[in-house]
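Peer 1: Under the working numbering, the first residue of the sequence shown carries the number 75, and numbering increases by one thereafter.
Before I ask anything, let me first share the structure, which is written out below as structure tokens.
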Amino acid sequence: MKPIQTKHELQFDYFSENYHQFEMDFYKWAATSTPLVFLEDDILHSMAAGQRNYFRLHHTKSRDHRDHYFYFKVSTLSQSPLTRIYAYTGHHLQKIVPHQTEKKDSLI
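Below, the structure is given as structure tokens:
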């Protein structure tokens, strides 16, 4: 079994407009006082371990008491093929990955 990637191998696309949009969407819907920066590693590791391109904000942790799904496009760098970059693609109220079964994908 391959170990979960290190912090340097899993990264958000931090310096892009899509990351800024992710921050805005997350803070719009998350009912938590924990800053996103402290949750990022857990979010990335959970998505990588589950081989998912999304994470779910559980309804008990959202402002409107509904599940929220945050989706990402996953890519690798040619000069560093072990590094996975997660670029935010959008937010949905429904899970839009039909081939995966529901499992513990809630992080917060």
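Heads up, the beta-carbon is just placed ideally off N, CA and C, and yes, glycines get one too.
(1) Classify Y145 as buried or exposed, calling it buried when 16 or more other Cβ atoms lie within 10 Å of its own Cβ.
(2) Could you give the first and the last residue of the continuous beta strand (DSSP E) run that contains A161?
(3) Per the DSSP calculation, K147 is bridged to which residue(s)?
(4) Sort P109, W103, S152 by Cα distance to D138 and report the nearest one.
(5) Kindly indicate if chain B contains any beta-carbon less than 8 angstroms away from that of I117.
Peer 2: Let's see:
(1) Burial call: buried.
(2) From DSSP, the beta strand (DSSP E) with A161 extends over 154–166.
(3) Paired residues: A161.
(4) Distances from the CA of D138 to each of P109, W103, S152 were compared; the closest alpha carbon is that of W103.
(5) You won't find chain B in this structure, because it holds only one protein chain.
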